[in-house]
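Peer 1:
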Amino acid sequence: MPKNSHYQHLRKKWKARHQHLQRKLWSKHRESLDWLSNNYRQLVAGSLGGLMLLTGQATNPKSLLPQTNASESKAQAIDKKVFLISDLANILPHTVRELDREEEQKIAEILSRTFNLKVSPEIQGKRLNRSYGLIGAEQHLARFPGDVLSTHFDSETELKNYWASGMAPGLGAWGYFAPSLNSLTKLDKERERYYIAVQTFLSKDFNKRFIEYRDFYKYRKMLVVNPNNGRTMVTDIADAGPAVWTGKHLGGSPEVMHYLERFDGSLKGPVIYFFIDDPDDKIPLGPIVPK
Numbered sequence: 001m002p003k004n005s006h007y008q009h010l011r012k013k014w015k016a017r018h019q020h021l022q023r024k025l026w027s028k029h030r031e032s033l034d035w036l037s038n039n040y041r042q043l044v045a046g047s048l049g050g051l052m053l054l055t056g057q058a059t060n061p062k063s064l065l066p067q068t069n070a071s072e073s074k075a076q077a078i079d080k081k082v083f084l085i086s087d088l089a090n091i092l093p094h095t096v097r098e099l100d101r102e103e104e105q106k107i108a109e110i111l112s113r114t115f116n117l118k119v120s121p122e123i124q125g126k127r128l129n130r131s132y133g134l135i136g137a138e139q140h141l142a143r144f145p146g147d148v149l150s151t152h153f154d155s156e157t158e159l160k161n162y163w164a165s166g167m168a169p170g171l172g173a174w175g176y177f178a179p180s181l182n183s184l185t186k187l188d189k190e191r192e193r194y195y196i197a198v199q200t201f202l203s204k205d206f207n208k209r210f211i212e213y214r215d216f217y218k219y220r221k222m223l224v225v226n227p228n229n230g231r232t233m234v235t236d237i238a239d240a241g242p243a244v245w246t247g248k249h250l251g252g253s254p255e256v257m258h259y260l261e262r263f264d265g266s267l268k269g270p271v272i273y274f275f276i277d278d279p280d281d282k283i284p285l286g287p288i289v290p291k
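Position 9 of the sequence shown, counted from 1, bears residue number 9 in our numbering, the numbering being contiguous throughout.
Set out below in structure tokens:
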């Protein structure tokens, strides 16, 4: 028998067997399969609810549920986010504390794989005092001389969502993002919009190597993850803080806090924050989803 005919013969046999098994499975378990088909959304909700309880944080699982007309790609993104939440929950401690090196390494591997980025708690031999901590709310930073709330937003939606956060009384750690309104670029806007403040001053030998650290941290990209809902954002360091006495370990711009669904005060919660190795500055700032 010619090779091609032999292949077609086997293919038909396997196809017929596959169809037979499908019919047999459906006939034997029709009731269960019908129920599963009609109730998959409730099952997803239950799984997400369990994950939220496991991680010890209250969140709204509806934000992670597929809509009735959601595309397959959206459903896959939700699945990946659920896996991310679960993977992190298996490693993160029950209390918010500094991670040990083994925990950091495992988390770095998860984040690098999930987002197809090179993520690490340490880069160029430099690291922050911690990579897992409580995040607090920061205010908007002036981007150029004369920047005020009335000039700060690009749309009515932004104004409505973020006006109440107010402007910080001082500048960011590196001053203005641009010398004037006319010279303000899209990147300048994004650096302020997606900025975080970290405790740079608690880095090892910071005072002895001030200039080196100052230049290293300026707009350095970090991946910030809310481990309780999987929401993740590429941010940049644009300020130093918060003060140690606040009990918080980093701060996020109003836009960062809004997207991550993190709040200040008694509702404050933890985030993971790792460096992104992006020497060519190709990774855009802003929300990012699992690949």
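The beta-carbon is built from N, C-alpha and C at its ideal position, and this holds for glycine as well.
Looking at the structure shown, is Asp79 part of a helix, part of a strand, or coil, going by DSSP?
Peer 2: By 1-based counting over the sequence shown, the position of residue 79 is 79. Of the three classes helix, strand and coil, the one that applies to Asp79 here is helix, per DSSP.
Peer 1: What is the rounded straight-line gap between the Cα of Lys81 and the Cα of Ser112?
Peer 2: For the purposes of this step, residue 81 is identified with residue 81 of the sequence shown, where counting begins at 1. For the purposes of this step, residue 112 is identified with residue 112 of the sequence shown, where counting begins at 1. Straight-line Cα distance between these residues: approximately 14 Å.
Peer 1: Using the three-state DSSP reduction, which class does Lys218 fall into: helix, strand or coil?
Peer 2: One-based indexing of the sequence shown puts residue 218 at position 218. Of the three classes helix, strand and coil, the one that applies to Lys218 here is coil, per DSSP.
Peer 1: Please state whether DSSP places Arg101 in a helix, a strand or coil.
Peer 2: Residue mapping note: residue 101 aligns to position 101 of the sequence shown, counting from 1. Residue state, collapsed to three classes: helix.
Peer 1: Going by CA-CA distance only, name the one from Asp236, Tyr162, Glu261 and Phe177 that's closest to Val198.
Peer 2: If you number the sequence shown from 1, residue 198 lands on position 198. Considering only alpha carbons, the answer is Asp236.
Peer 1: Could you tell me the alpha carbon to alpha carbon distance between Glu104 and Met167, rounded to whole angstroms?
Peer 2: The residue labelled residue 104 in the question sits at position 104 within the sequence shown. The residue labelled residue 167 in the question sits at position 167 within the sequence shown. Rounded to whole angstroms, Glu104 to Met167 spans 34 Å at the Cα level.
Peer 1: Tell me, please, whether the segment 185–198 touches the segment 88–97 by the rule of three or more beta-carbon pairs shorter than 8 Å.
Peer 2: The segment 88–97 and the segment 185–198 do not touch, with fewer than three beta-carbon pairs separated by less than 8 Å.
Peer 1: Which residues in the same chain have their Cβ closer than 6 Å to the Cβ of Arg220, if we skip the five residues on either side of it in sequence?
Peer 2: For this step, residue 220 is matched to residue 220 along the sequence shown. Same-chain partners within the cutoff: Ile237.
Peer 1: How far does the alpha helix (DSSP H) with Tyr259 in it reach, from first residue to last?
Peer 2: Here residue 259 corresponds to residue number 259 of the sequence shown, with the count starting at 1. Note, Tyr259: alpha helix (DSSP H), Pro254 to Leu260.
Peer 1: Within the same chain, show all residues whose beta-carbon is closer than 6 Å to that of Ile110, passing over the 5 residues directly before and after it, in chain order.
Peer 2: Translated into positions along the sequence shown, residue 110 becomes position 110. Asp87.
Peer 1: With a threshold of 16 other CB atoms inside 10 Å of the CB of Pro279, please say whether the residue is buried or exposed.
Peer 2: As a first step, residue 279 must be located in the sequence shown, where it is residue number 279. Pro279 should be labelled exposed.
Peer 1: Can you give me the C-alpha to C-alpha distance between Lys282 and Val234, rounded to a whole angstrom?
Peer 2: Residue 282 sits at position 282 when you count from the first residue of the sequence shown. Residue 234 sits at position 234 when you count from the first residue of the sequence shown. Their Cα atoms are separated by approximately 12 Å.
Peer 1: Could you compute how far the alpha carbon of Lys218 sits from the alpha carbon of Glu212?
Peer 2: Taking the sequence shown and counting its residues from 1, the one referred to as residue 218 is at position 218. Taking the sequence shown and counting its residues from 1, the one referred to as residue 212 is at position 212. Cα to Cα, the separation comes out at about 10 Å.
Peer 1: Cβ of Arg143 within 6 Å of any heavy atom in the ligand NAP?
Peer 2: Questions concerning the ligand NAP fall outside what the structure shown contains, since it holds no ligand whatsoever.
Peer 1: In whole angstroms, give me the CA-to-CA distance for Ser203 and Val271.
Peer 2: One-based indexing of the sequence shown puts residue 203 at position 203. One-based indexing of the sequence shown puts residue 271 at position 271. So the two alpha carbons sit approximately 19 Å from each other.
Peer 1: Once DSSP output is grouped into helix, strand and coil, what is the label at Tyr176?
Peer 2: Locating residue 176 in the sequence shown gives position 176, where the first residue counts as 1. The answer is coil: DSSP assigns Tyr176 none of H, G, I, E or B.
Peer 1: Since Glu190 sits in a beta bridge, which residues does DSSP pair it with?
Peer 2: Mapped onto the sequence shown, residue 190 falls at position 190. Paired residue(s): none; Glu190 is not in a bridge.
Peer 1: For the beta strand (DSSP E) containing Leu134, list its first residue and its last residue.
Peer 2: Taking the first residue of the sequence shown as position 1, residue 134 is located at position 134. Residues Tyr132 to Ala137.
Peer 1: Tell me, please, which residues DSSP counts as bridged to Glu122.
Peer 2: Along the sequence shown, read from residue 1 onward, the residue named residue 122 stands at position 122. Glu122 is bridged to Arg127.
Peer 1: Nearest to Ile107 by alpha carbon, out of Leu128, Tyr132, Gly125 and Lys126?
Peer 2: In the sequence shown, residue 107 corresponds to position 107, counting from 1. Checking every option, the nearest Cα to that of Ile107 belongs to Tyr132.
Peer 1: Checking the sheet assignment: what are the DSSP bridge partners for Tyr273?
Peer 2: As a position in the sequence shown, residue 273 is number 273, starting the count at 1. In the DSSP output, where bridge partners are listed per residue, Tyr273 has Val224.
Peer 1: Among all the DSSP beta bridges, which residues are the ones paired with Gly286?
Peer 2: Working through the sequence shown from its first residue, we reach residue 286 at position 286. Gly286 is bridged to Val234.
Peer 1: Excluding the five sequence neighbours on either side, which residues of its own chain have a C-beta within less than 8 Å of the C-beta of Arg323, listed in chain order?
Peer 2: The chain is shown only over 1 to 291; residue 323 falls outside these bounds and no answer can be derived.
Peer 1: Within 8 Å, do at least three Cβ pairs link the segment 132–148 to the segment 257–266?
Peer 2: yes
Peer 1: State the Cα-Cα distance for the pair Thr157 and Asp147, rounded to the nearest angstrom.
Peer 2: For this step, residue 157 is matched to residue 157 along the sequence shown. For this step, residue 147 is matched to residue 147 along the sequence shown. About 19 Å.
Peer 1: Do Pro121 and Phe274 have their CB atoms nearer than 7 Å?
Peer 2: As a first step, residue 121 must be located in the sequence shown, where it is residue number 121. As a first step, residue 274 must be located in the sequence shown, where it is residue number 274. Between Pro121 and Phe274, the C-beta gap is smaller than 7 Å, which places the two residues in contact.
Peer 1: Alpha carbons only, please: which of Thr200, Asp79 and Met257 is nearest the one belonging to Trp174?
Peer 2: The residue labelled residue 174 in the question sits at position 174 within the sequence shown. Nearest in C-alpha terms to Trp174, of all of Thr200, Asp79 and Met257, is Thr200.
Peer 1: If I follow the unbroken beta strand (DSSP E) through Ile196, where does it start and stop?
Peer 2: Counting from one through the sequence shown, the residue named residue 196 turns up at place 196. Segment Tyr195 to Val198, the beta strand (DSSP E) holding Ile196.
Peer 1: Give the straight-line distance between the Cα atoms of Gly247 and Val224, rounded to the nearest whole angstrom.
Peer 2: Translated into positions along the sequence shown, residue 247 becomes position 247. Translated into positions along the sequence shown, residue 224 becomes position 224. Between Gly247 and Val224, the C-alpha separation is close to 19 Å.
Peer 1: In terms of DSSP beta bridges, what is Ala240 paired with?
Peer 2: Reading the sequence shown from its first residue, position 240 is the one you call residue 240. Answer is Val198.
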